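4 protein chains.
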Amino acid sequence: MNQLKIGIAGLGRLGKIHANNLAFRIPGCTLTAACSLMQSELDYARSELGVQDLYLDFDEMLVNADIDAVAIVTTSGEHCRQLTAALAAGKHVFCEKPLGVTVEECLSAEKSVENHADKTFMLGFMRRFDPSYVYAKQKIDEGAIGTPYLVKATGVDPLKFIEGSLKFAGSSGGLFIDMAIHDIDLMRWFLGAEPETVYALGGSFGFPQFAEMGDAESGCALYKFDNGAMGIIHTGRTAAHGYHIETEIVGTLGSIRISPVPQKNLAILYNSQGVVTECVEAFPERFAEAYLAEMQEFVDCVLSGRKPNVSVYDGTRSTEIAFATTESFKTGQLVRLN
Amino acid sequence: MNQLKIGIAGLGRLGKIHANNLAFRIPGCTLTAACSLMQSELDYARSELGVQDLYLDFDEMLVNADIDAVAIVTTSGEHCRQLTAALAAGKHVFCEKPLGVTVEECLSAEKSVENHADKTFMLGFMRRFDPSYVYAKQKIDEGAIGTPYLVKATGVDPLKFIEGSLKFAGSSGGLFIDMAIHDIDLMRWFLGAEPETVYALGGSFGFPQFAEMGDAESGCALYKFDNGAMGIIHTGRTAAHGYHIETEIVGTLGSIRISPVPQKNLAILYNSQGVVTECVEAFPERFAEAYLAEMQEFVDCVLSGRKPNVSVYDGTRSTEIAFATTESFKTGQLVRLN
Amino acid sequence: MNQLKIGIAGLGRLGKIHANNLAFRIPGCTLTAACSLMQSELDYARSELGVQDLYLDFDEMLVNADIDAVAIVTTSGEHCRQLTAALAAGKHVFCEKPLGVTVEECLSAEKSVENHADKTFMLGFMRRFDPSYVYAKQKIDEGAIGTPYLVKATGVDPLKFIEGSLKFAGSSGGLFIDMAIHDIDLMRWFLGAEPETVYALGGSFGFPQFAEMGDAESGCALYKFDNGAMGIIHTGRTAAHGYHIETEIVGTLGSIRISPVPQKNLAILYNSQGVVTECVEAFPERFAEAYLAEMQEFVDCVLSGRKPNVSVYDGTRSTEIAFATTESFKTGQLVRLN
Amino acid sequence: MNQLKIGIAGLGRLGKIHANNLAFRIPGCTLTAACSLMQSELDYARSELGVQDLYLDFDEMLVNADIDAVAIVTTSGEHCRQLTAALAAGKHVFCEKPLGVTVEECLSAEKSVENHADKTFMLGFMRRFDPSYVYAKQKIDEGAIGTPYLVKATGVDPLKFIEGSLKFAGSSGGLFIDMAIHDIDLMRWFLGAEPETVYALGGSFGFPQFAEMGDAESGCALYKFDNGAMGIIHTGRTAAHGYHIETEIVGTLGSIRISPVPQKNLAILYNSQGVVTECVEAFPERFAEAYLAEMQEFVDCVLSGRKPNVSVYDGTRSTEIAFATTESFKTGQLVRLN
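Residue numbers (this note's numbering), protein chains in the order written: chain A, 1 to 338; chain B, 1 to 338; chain C, 1 to 338; chain D, 1 to 338.
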């Protein structure tokens with residue numbers, strides 16, 4: 001078998017997930033190089049993952065490492081520059097969301113991808129690879145709910161991690177850009193359409209610090225799509241019960257709802273509180289399978305020459321929509337997208 | 001409209017439920033008399049239910065009150081004697097379970113009913129009137145699960161009321177007679193068959209007082225039916241989450257499960273415990289509709305001359321089976337029923 | 001006991017529900033008169049409910065019948081005129097929603113109610129009396145979810161009754177006025193606040209006839225409340241699975257969701273489709289208990305002199321908001337309420 | 001890192017699962033050899049898994065292959081002989097259930113394991129590694145349900161695969177040995193006790209062919225444990241909705257139920273049937289994670305010298321109990337275990 005040699009950039013929380021998957025759980029590839037700004041993370045890669053080829057500098061990895069592809073899991077601000085450099089260096093690229101921190105960056109990323117059409121580029125919208133979302137999409141494509149015309153998406157981070165949310169709020173781009181981009185991508189994917197108009201609201205009900213930073217702790221947005229369909233997003237940072245990602249797709253003949261109870265597993269407790277289901281804590285738990293499946297897809301696409309079903313344009317569109325949503329929230333006005 | 005005049009005997013917890021239904025919620029009848037050993041309960045009947053004809057003595061009510069029918073909701077030990085007297089006095093009879101506290105009493109009750117075949121007699125197996133059980137029976141009769149061949153029944157009282165359970169354990173007849181008789185009736189009803197063999201176990205895991213009285217706090221029984229079908233009962237007194245009545249009927253083409261989550265209502269909480277459903281507290285809450293529907297059925301049967309679908313024989317059979325179950329628990333042996 | 005004598009106006013589908021409750025299931029009152037434009041409905045009242053005092057004309061009933069109160073369950077266009085006449089005639093009034101078909105009617109109704117402050121007036125927002133909503137409100141008042149800041153409300157009629165929906169669409173006032181008024185009332189009730197801004201969308205995805213009438217088959221609206229809270233409504237007419245009324249109240253410390261699965265009862269089927277819960281068919285099934293409880297509350301309020309917790313102003317506000325929502329849907333613009 | 005070299009014996013349905021896990025998803029090991037009676041399966045191992053060292057004969061693999069450990073996933077009748085040979089050849093052994101097809105074989109396997117105490121031996125009771133069961137065990141160990149005193153276990157194969165069930169019924173050892181052994185192990189594990197008495201029933205309700213072979217299509221058993229606890233097993237072969245594995249552990253302060261709805265994933269359909277959850281099809285889908293986790297545990301145990309928590313004695317005990325259960329079913333008598 002042909003083994004794809006991959007270098008990973010970024011070994012933070014999500015970087016470690018991807019690195020472990022690449023090192024141990026994905027047929028067809030070998031994690032041969034890693035890059036991080038932190039020596040301790042490189043030490044981890046060496047000792048835990050057996051990676052020998054280690055770099056403190058991304059560009060040095062591109063030049064020196066014997067790799068066919070890179071997985072970019074660095075901070076958002078680096079994505080655009082690194083994917084451009086990697087493509088220019090002749091590497092296939094898997095890049096975590098977001099594509100860029102501005103729409104301009106996204107458009108520039110599009111150019112890079114277009115200029116290296118022989119290389120595989122895939123963006124990390126992992127929800128499209130979660131078994132439940134894959135199942136929902138397939139059911140819909142089979143006609144199980146008729147024509148989908150409304151997506152209701154909820155994405156709320158756990159209250160438990162509010163300190164982290166507050167700490168990074170200033171640099172996150174704001175609630176809708178940081179949190180809603182996956183939901184935006186899902187709406188587009190399920191509806192097969194693009195939003196034309198958005199009206200968004202937000203507020204800070206438990207933690208006024210968000211408002212003080214000009215951000216919102218919780219927000220809602222209502223979208224009108226170019227085929228007449230509708231989308232609703234509810235996002236926030238204070239779910240007491242855990243990490244709540246729920247999506248409903250409503251069609252003319254039925255609907256599909258994914259994860260109204262964000263269950264930790266299949267066990268249910270009957271105790272003095274009543275009947276209780278414990279919930280997933282955070283994204284690594286909820287989307288473990290999705291992270292694995294998306295990276296497998298990337299590797300398979302590179303090896304087979306197939307195009308991934310998440311394109312660079314999905315990244316740009318989601319970003320544009322998240323910015324428009326933020327604008328509506330900030331101005332209190334309807335915002336029209338073009 | 002023809003109004004059935006009814007007298008009620010017994011105004012305890014369940015008696016009050018029936019009395020309120022008869023007084024206010026059942027077309028076709030009037031609650032005109034009431035009997036209780038306690039003056040305070042008679043006062044309640046007068047002031048809250050508007051009943052004018054009040055008795056401290058059951059036989060006196062039979063003789064003096066202008067009533068067509070009686071509802072017997074007294075202590076179990078009185079049932080057989082009272083229903084016999086009432087039928088002899090020419091009254092239609094609704095009698096709460098159990099039919100009698102011994103099999104001999106039940107057989108004697110059968111005789112009384114047979115001797116007054118022109119009178120309506122109905123036993124209070126209210127679960128057969130609960131909307132969910134009615135629905136299950138209808139679905140089964142329509143063939144939704146093919147041929148039913150196994151009933152799994154769970155009936156556990158709330159831990160919250162353990163003091164009452166302990167207080168009455170001595171006079172209750174024991175766990176299987178006190179608690180399992182409804183489940184036994186349901187098994188017979190759903191399977192359309194009679195048990196031939198029973199093996200029962202029991203123990204006292206949280207409250208050794210039950211064992212000290214020769215009783216069990218929790219018990220299980222496995223039944224073989226004369227058509228080859230099977231039945232499982234799990235009963236007990238210490239459900240931490242509330243009043244747990246759950247029944248599953250398994251058939252050759254599917255199964256139906258009733259109330260695996262004994263939900264208080266349709267609301268679900270998402271809080272720091274996870275996703276939580278509060279549960280019903282006790283039988284009045286769980287079976288409010290069933291108590292109403294069974295009494296309506298009694299009244300309708302009397303007025304129309306129709307036979308109730310719960311007969312005196314259902315009372316005898318359930319009692320026999322409960323005694324056989326108790327015998328198996330006490331002897332540790334298989335017990336065969338004839 | 002003091003018996004309230006009530007006359008009912010309107011004996012259609014919902015009228016019959018109220019009439020049966022008044023006739024048989026509500027202590028403290030007697031249904032002594034009934035009024036309908038259809039002789040067959042009056043015959044029904046006589047034969048099934050035992051009502052002797054029957055009228056083809058509402059005003060005649062007001063003048064001639066020996067009644068203390070009227071229950072108005074006629075077509076929406078009659079409500080305002082009839083409640084005004086009834087109050088003027090010295091009757092207590094229970095009136096089904098809507099209060100009026102225009103905001104002007106509502107304001108006129110307010111005047112009538114204010115002019116007869118000694119009379120009890122109650123509007124039929126029955127959901128506030130549904131056990132699950134009552135429970136949710138109480139939990140929230142007890143602080144179970146902290147401060148509520150978002151209500152997500154879904155109300156979709158069953159696809160099964162689409163012909164009726166189409167037939168009455170022309171005279172219904174439109175989707176948001178016909179369908180969303182209960183959800184609007186619930187948002188106000190749970191949030192304790194009034195909407196300031198609304199943006200609404202709608203479309204006709206399965207049945208273009210709605211669009212042809214200038215109406216929508218399905219719609220969504222996003223509200224900003226005067227305390228910063230948010231509200232989302234999704235309403236429609238084509239739920240394949242049944243009658244779907246779902247409400248979620250999100251607070252700073254948790255949330256409560258009511259009826260995400262609009263279950264018919266507590267039975268669950270395991271069959272070749274998977275695990276299946278059948279759903280309620282329509283409002284009479286879903287809200288049977290609520291209709292009973294609200295009418296009991298009305299009678300109790302009259303008898304005790306207590307004020308109902310649903311006021312005439314709730315009717316006006318809901319109507320104003322429903323009209324503003326419709327305006328937003330029709331103009332495609334944000335609409336500000338004052 | 002130290003890499004464990006493993007050879008797998010058996011490449012059928014479950015063998016392929018283990019082989020894929022060993023080849024691609026388990027850090028710390030390399031699948032270097034494979035053995036099968038079928039050349040096509042060896043071809044699969046070469047082309048899909050990259051295994052070079054291939055054998056048609058188990059003993060030849062033991063002698064010639066450069067392996068530290070073997071995974072035995074062959075037909076049940078081979079397990080005992082092969083594990084004995086492998087241990088004698090100085091290999092660590094992972095062996096699928098059952099340990100042996102008779103109690104004598106199990107006792108002989110115990111001897112082999114005892115004679116090679118320096119080698120790691122682990123039996124494939126994968127349910128103990130399923131995340132939901134692991135969670136339940138941990139909750140119980142933390143005291144979440146007080147003292148566990150009853151396990152209710154259900155294990156029913158999908159109706160969809162009835163032809164295979166019928167085909168292999170003759171050689172399966174019978175329903176309780178083939179199907180209930182995992183449930184028996186779970187009862188022992190959760191209760192920390194051994195059964196003393198069993199009463200079992202069975203029947204063939206949809207497929208009389210089972211009865212004709214002296215077997216049962218569906219069966220129930222009730223166990224008394226040596227600490228007074230109780231166990232109930234319901235097993236069968238005709239679940240219309242899918243592969244149904246459900247377990248409830250009841251304790252003095254609460255209970256835990258695992259997978260009452262054997263959901264395929266987190267998606268729920270709302271369609272004309274009602275609210276529908278599709279179910280898992282079979283064990284590879286339900287226990288994918290468990291198969292991976294148990295093999296990871298085996299590898300980790302070998303590498304670290306730690307003892308697995310599933311011992312050879314667990315295999316013997318489960319087999320003894322399954323045989324006693326079968327005896328009770330066949331004789332209609334209570335059977336006491338020693």
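All C-beta atoms, glycine included, are put in the ideal place defined by N, C-alpha and C.
As the structure is a prediction and not an experimental result, all values here were calculated from the model.
Buried or exposed by the 16-neighbour rule on C-beta atoms within 10 Å, applied to residue i
| i | result |
| --- | --- |
| Gly174(B) | buried |
| Gly231(A) | buried |
| Gly236(B) | buried |
| Gly143(B) | exposed |
| Thr325(C) | buried |
| Glu163(A) | exposed |
| Leu87(B) | buried |
According to DSSP, residues forming a beta bridge with residue i
| i | result |
| --- | --- |
| Glu246(C) | Thr154(C) |
| Ser218(A) | Gly203(A) and Gly236(A) |
| Glu96(C) | Gly124(C) |
| Ala9(B) | Cys35(B) and Ile72(B) |
| Glu139(D) | Glu is not the amino acid found at residue 139(D); the sequence shown has Lys there. Answer is none; Lys139(D) lacks a bridge partner. |
| Tyr270(C) | Ser255(B) and Val275(C) |
| Cys29(A) | Leu4(A) |
| Lys224(C) | Thr197(C) and Met230(C) |
| Leu191(A) | In DSSP, Leu191(A) forms no bridge with anything. |
| Leu54(A) | Ala34(A) |
Residue of the options minimising C-alpha distance to residue i
| i | options | result |
| --- | --- | --- |
| Gly332(D) | Gly7(D), Gly219(D) and Arg188(D) | Gly219(D) |
| Ala246(D) | Thr325(D), Met295(D), Asp141(D) and Leu186(D) | Here residue 246(D) turns out to be Glu, not Ala, going by the sequence shown. The shortest Cα separation from Glu246(D) among Thr325(D), Met295(D), Asp141(D) and Leu186(D) belongs to Leu186(D). |
| Ser36(A) | Pro98(A), Ile268(A), Leu191(A) and Arg13(A) | Arg13(A) |
| Asp118(B) | Asp68(B), Pro148(B) and Cys106(B) | Asp68(B) |
| Gly214(C) | Cys301(C), Phe176(C), Tyr149(C) and Leu22(C) | Phe176(C) |
| Asn227(C) | Gly242(C), Gly28(C) and Gly192(C) | Gly192(C) |
| Thr277(C) | Glu104(B), Ser132(B), Ala89(B) and Glu105(B) | Ser132(B) |
| Glu217(B) | Phe207(B), Phe225(B) and Lys224(B) | Phe207(B) |
| Ser165(D) | Asp57(D), Thr154(D), Ala239(D) and Leu62(D) | Ala239(D) |
| Ile321(D) | Met38(D), Phe225(D) and Ser255(D) | Phe225(D) |
| Ala65(D) | Ala19(D), Gln209(D) and Leu31(D) | Leu31(D) |
Within chain D, partners of residue i - CB distance below 8 Å
| i | result |
| --- | --- |
| Gly254(A) | Leu269, Tyr270, Asn271 and Ser272 |
Listed by chain order, chain B residues near residue i by CB distance under 7 Å
| i | result |
| --- | --- |
| Ser259(C) | Leu266 |
| Phe205(D) | Thr147, Tyr149 and Thr252 |
Proximal residues of chain C, C-beta to C-beta of residue i below 8 Å
| i | result |
| --- | --- |
| His234(D) | Residues of chain C passing the Cβ test: none, with the nearest at roughly 13 Å. |
Chain D contact residues for residue i, given Cβ-Cβ distances below 7 Å
| i | result |
| --- | --- |
| Ala240(B) | Leu253 and Gly254 |
Closer than 9 Å at the beta carbon, the chain A residues around residue i
| i | result |
| --- | --- |
| Pro27(D) | Asn20, Ala23, Phe24, Arg25, Glu48, Leu49 and Gly50 |
| Gly174(C) | By Cβ distance, chain A contributes nothing, its closest Cβ being about 17 Å from Gly174(C), past 9 Å. |
Partners in chain D for residue i, counting only beta-carbon separations shorter than 9 Å
| i | result |
| --- | --- |
| Lys152(B) | Lys152, Thr154, Cys220, Ile232 and His234 |
Partner residues on chain C for residue i, Cβ-Cβ distance less than 7 Å
| i | result |
| --- | --- |
| Lys224(A) | Leu201 |
9 Å Cβ cut-off: residues of chain B touching residue i
| i | result |
| --- | --- |
| Leu334(D) | Tyr199, Gly332, Gln333 and Leu334 |
- Query: At a Cβ cut of 9 Å, what residues of the stretch 127-146 of chain B count as close to chain D, listed as they run along the chain?
  - Reply: Ile145 and Gly146
- Task: With 7 Å as the C-beta to C-beta threshold (strictly closer), list the residues of the stretch 266-280 of chain A near chain B in chain order.
- Result: Tyr270, Asn271, Ser272, Gln273, Gly274, Val275, Val276, Thr277, Glu278 and Cys279
- Task: Report the residues of the stretch 184-217 of chain B with a CB closer than 7 Å to any CB of chain D, ordered along the chain.
- Result: Tyr199, Leu201, Gly203, Phe205 and Gly206
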